[in-house]
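Some notes on the structure that comes next.
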Amino acid sequence: MLGGRYKLLASIGHGASGDVYLAVDSNLSRAVAIKLLHSQLASDRVFLQRFRAEAKAAAALSNPSIMSVYDWGESLTGPYLVVELLSGGSLREHLSSGFKPSPSQVVQIALQCVSGLRYAHKYSYIHRDLKPANLIFDEGGHIKIADFGLARTLAEPSWSEPKGVLLGTAKYASPEQANGETALKQSDIYSLGLILYEMVAGTLPFDGKDTFEILRARLKGDVEPPDGSGVLEPILRRSLRRDPMERYDAEELLAELLVLSRSLEPAEPIVPLHREEYKALRERGTPISPVIDIDDGDTQLAGSVGFPSRDLKGEVPTVYDGELDVSTTTFALGSDSISTMTVVDGSIDVAGDLSSSGIKEQARRSKGRSLRGWRGLVMWIVVTVFLSAATFAAASLYQSATSATVPSVMGLTPPQATSAIAKVGLKALVSGKAYSPTVPIGLVLSEFPKPGSKISKNVEVDLTLSAGPAPVPVPGVVGATQATAEQEITADHLHFIVQSAYSSTVKSGDVISTTPAPQRLAPYGSNVTLVVSKGPAPVAVPNVVGESQQAATSALTADQLSISSTTAYSNTVPTGEIISQGVAPGAMVLPGTTVPVVVSLGPQYVTVPNVLDDTLSQAQQALQGAGLQVGNVYGPKNAKVVIFTNPTLGTQVLYGSSVDLYMA
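Be aware that the sequence shown starts at 1, since it is given in UniProt numbering, and climbs by one per residue.
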């Protein structure tokens, strides 16, 4: 019984970091899966502290697309996690069995994975080790992400990795992880992109090469989507960018996938692989592979420790924990007698019978055999240490002749780096460039394998040179005020040049456009041209003199101008036509300007006033008051008053006409 409550029923998988068991929680009568990590991890105090913290944090993650963590603990054989039992099989098992998902199924799987990543990333949780083996289906065909927290713990450098961990996980590592850099949220997106690539193409990019060649190829540039990607091509292309800043974040990718899913047929359900097998194992209920447990400080016999026998009829399918080749194993679930290691009162013994009578007999005889057991144990330890030392010495001699430690050459020029690498018997290869805000252009930015790695002397050290600071996305300042735009551009390590332009839609002082366009990449420290609005462009005033008032109004309105009108008599301009305009034709004015016009009332007629018996001065004043003028004056020099007019008094004449006066 593990942890005093978990009865192990069957081994259902194993990999680089530990073994997975089908178990029953005796407290809750619930089937669970238990991941028992390798015993070598139990001796690493730093690892155990981190494991405890990460297990608690992972247990707090609650999302339909993340495998639930129920419990955790430690035993003499190593730390363990108690997690949700999923019987649908891993995506790795499905793909290995020939499963070829349709585009709809690929999008459905991607949606479920990204939903889980979006939730975890919101709380700054990065998986770091996404791969098909960590994506497991439940009975309903819904996929869940496994090993959140465990992947983070195992990623830390303070413990010795089990052999094969790098080889198993490198296939799905992002370029920044392969380069020894800190994993980002976009690192999970890259790994998911590789998984989608494999589902579409049936293989990974650069497949067939060794691990170093795969990582080297990935560090050189973007991964091109495979032929036949179809509707998934743009999603694969952006997810597999070498530069993490050019990839989706989980929020963006989820939105893209949701849009794409609406254009596809509904996905066929994915058939679970192990539902019936797991059900049969739970019903059988025979414990296997016991563990020596630590419970409140007392060492006790927690069960039988043994190797599974191969005389069973059925097979238990493997659930992969890593991307290593693990063959299916047959287990003797009903065997009453298997090899065991028993612990009673501090005595360790190896026996062959664990039937109920055998356990009682061993307990009865164990006390008398304690001394003999301890002597045997001491002798076994001495022999083991001697053989280990001899093996280590031989391996060290062989390794020193065929391998070398990669030196640190970061910050050196390529010739300096090549020379330093050659001194330890290795060769250098400049494989590409990458951006860096701190390392000057042309110097070594990173190397692969990373410094301190022991590698074969026939493996080249890849050098990545600095290309200087990375291009900067132009901030989206269209519509902002000029002052705000200048501040944002400067904050993003860019400079600005201001140009002005008229705009009928953007108010004066606001930004109309930028060059480069918003979100386009601009070289670090380069100029961004801001086009700032001067408001609407001036328009030329049309000539409306002689036009009808209606025509004049239409012409001015078409040029975004207004009209105001007054009237006047005109002896030359017909009634209703424009006599004059207040703004000269051709003048440039702002849209909305009002142009005043004078509209003709036609000719004006007045009556010749009565000026008979008026002096010349009086007659002249009266005629002018009526809008007329004095014409010719006839009479002797001493004439004093008007005796006759032409036209005669009372006659209707045009305004401004002349009236002749006759004096006597």
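Where a beta carbon is used, it is the ideal one built from N, C-alpha and C, also for glycine.
At which residue ranges does the UniProt domain "PASTA" (400-467) contain complete alpha helix (DSSP H) runs of 4 or more residues, listed in the order of the chain?
The UniProt domain "PASTA" (400-467) contains these whole alpha helix (DSSP H) runs: 414-423.
At the level of alpha carbons, what is the spacing between Pro-175 and Pro-536?
Near 51 angstroms, if we compare the C-alpha coordinates of Pro-536 and Pro-175.
When DSSP labels each residue in this structure, what does Arg-242 get in the three-state scheme?
Looking at Arg-242 - three-state DSSP - the assignment turns out to be coil, as it is neither helix nor strand.
Does the beta-carbon of Leu-258 have 16 or more other beta-carbons within 10 angstroms, so that it is buried, or is it exposed?
Per the 10 Å Cβ criterion, exposed.
By the 10 Å Cβ neighbour count, where 16 or more other Cβ atoms means buried, how is Ala-363 classified, buried or exposed?
Here Ala-363 scores only 42 on pLDDT, less than 50, and its place in the model should not be relied on; the value that follows carries that caveat. Label assigned to Ala-363: exposed.
For Thr-567, collect the residues of the same chain with a Cβ closer than 8 angstroms to its Cβ; drop the 5 residues on either side in sequence, then sort them by chain order.
Once the five neighbours on either side are set aside, the close Cβ partners of Thr-567 are Val-598, Val-599, Ser-600, Leu-601.
Can you list, in chain order, the stretches of the beta strand (DSSP E) that have 3 or more residues and sit fully within the UniProt domain "PASTA" (535-601)?
Correct list: 562-568, 578-581, 594-600.
Which residue's Cα is closest to the Cα of His-127: Gly-140, Gly-98, Gln-186, Leu-76?
Considering only alpha carbons, the answer is Gln-186.
Kindly identify the DSSP beta-bridge partner or partners of Glu-74.
Looking at the DSSP assignment, Glu-74 forms a beta bridge with Pro-79.
Would you mind sorting Met-588 into buried or exposed? The rule is 16 or more other CB atoms within 10 Å of its CB.
Exposed is the call here.
Hey, quick one: how far does the beta strand (DSSP E) through residue 665 stretch, first residue to last?
Coverage of the chain is limited to positions 1 through 664, which leaves residue 665 absent and any answer about it impossible.
When burial is assigned at 16 or more other CB atoms within 10 Å of the CB, is Asn-571 buried or exposed?
Asn-571 is exposed by the Cβ-count criterion.
By DSSP, does residue 705 sit in helix, in strand, or in coil?
With the chain running from 1 to 664 in the structure shown, residue 705 is simply not present.
Please look up how many angstroms separate the CB atoms of Gly-73 and Gly-3, rounded, as I've assumed it's under 8 angstroms.
Yes, Gly-73 and Gly-3 are in contact; Cβ-Cβ is about 5 angstroms, under 8 angstroms.
How about Thr-418 and Ala-404: do their beta carbons lie closer than 8 angstroms?
Cβ distance not < 8 angstroms, so Thr-418 and Ala-404 don't count as in contact.
Specify whether the region 226-245 and the region 266-276 touch according to this definition: at least 3 beta carbon pairs, one from each stretch, less than 8 angstroms apart.
Flag = no, the region 226-245 and the region 266-276 do not touch.
Counting along the chain, where does the beta strand (DSSP E) carrying Asn-662 start and finish?
Note that residue 662 is Tyr in the sequence shown, not Asn. From DSSP, the beta strand (DSSP E) with Tyr-662 extends over 658-663.
Can you list, in chain order, the residues of its chain with a C-beta nearer than 6 angstroms to that of Gly-18? Leave out the 5 residues immediately preceding and following it.
Same-chain partners within the cutoff: Lys-35, Leu-36, Leu-37, His-38.
Among Lys-640, Pro-636, Ile-109, Asn-610, which residue has its Cα nearest to the Cα of Val-659?
For the residues Lys-640, Pro-636, Ile-109, Asn-610, the minimum Cα distance to Val-659 belongs to Asn-610.
Distance check for Asp-559 and Gln-624, CA to CA, integer angstroms please.
Computed Cα separation, rounded: 43 angstroms.
Should Gly-213 be labelled buried (16 or more other beta-carbon atoms within 10 Å of its own) or exposed?
Sequence inspection shows Glu at residue 213; the Gly mentioned does not correspond to that position. It counts as exposed.
Under the rule that 16 or more other beta-carbon atoms within 10 Å means buried, what is Val-430, buried or exposed?
By the neighbour-count rule (16 or more Cβ atoms within 10 Å), Val-430 is not buried but exposed.
May I have a chain-ordered list of the alpha helix (DSSP H) segments no shorter than 4 residues that lie completely inside the region 198-241?
Counting whole runs of 4 or more residues, the region 198-241 contains the alpha helix (DSSP H) stretches 211-220, 233-239.
Among Gly-525, Ser-96, Ala-584, whose alpha-carbon lies nearest the alpha-carbon of Val-544?
The residue with the shortest Cα to Cα distance from Val-544 is Ala-584.
Per DSSP, what kind of secondary structure is Asn-134 in: helix, strand or coil?
In the structure shown, Asn-134 sits in a helix (DSSP, three-state: H, G or I).
According to DSSP, is Glu-277 helix, strand or coil?
It is helical.
Tell me the DSSP bridge mates of Gln-499?
Answer by DSSP bridge pairing, in chain order: Val-531.
Please classify Thr-529 as buried or exposed, where buried requires at least 16 other C-beta atoms within 10 Å of its C-beta.
When all chains shown are included, Thr-529 counts as exposed.
Of the residues Gly-586, Leu-590, Gly-592, Ile-563, which one's Cα is nearest the Cα of Ile-578?
Among Gly-586, Leu-590, Gly-592, Ile-563, the Cα nearest to that of Ile-578 is on Ile-563.
So, under 8 angstroms CB-CB, Pro-518 and Val-478 are touching, yes? Tell me the CB distance rounded to an integer number of Å.
Correct: roughly 6 angstroms between the Cβ atoms.
Could you tell me whether any Cβ in chain C is nearer than 8 angstroms to the Cβ of Ile-579?
Of the protein chains in the structure, only one exists, and it is not chain C.
May I ask which residues mark the beginning and end of the beta strand (DSSP E) holding Val-630?
Here the beta strand (DSSP E) through Val-630 covers 629-634.
Tell me where the beta strand (DSSP E) around Ile-489 begins and ends.
Careful: Ile-489 lies outside any beta strand (DSSP E), inside the alpha helix (DSSP H) at 482-491.
Does DSSP put Glu-265 in a helix, in a strand, or in coil?
Coil, per DSSP.
Return helix, strand or coil for Asp-510, following the three-state DSSP convention.
Asp-510 falls in the strand class under three-state DSSP.
So, with DSSP's three-state summary, where would you put Gly-168?
Caution is warranted here: a pLDDT of 42 is assigned to Gly-168, below 50, making its placement in the model unreliable, and the coordinate value is therefore given only provisionally. Gly-168 falls in the helix class under three-state DSSP.
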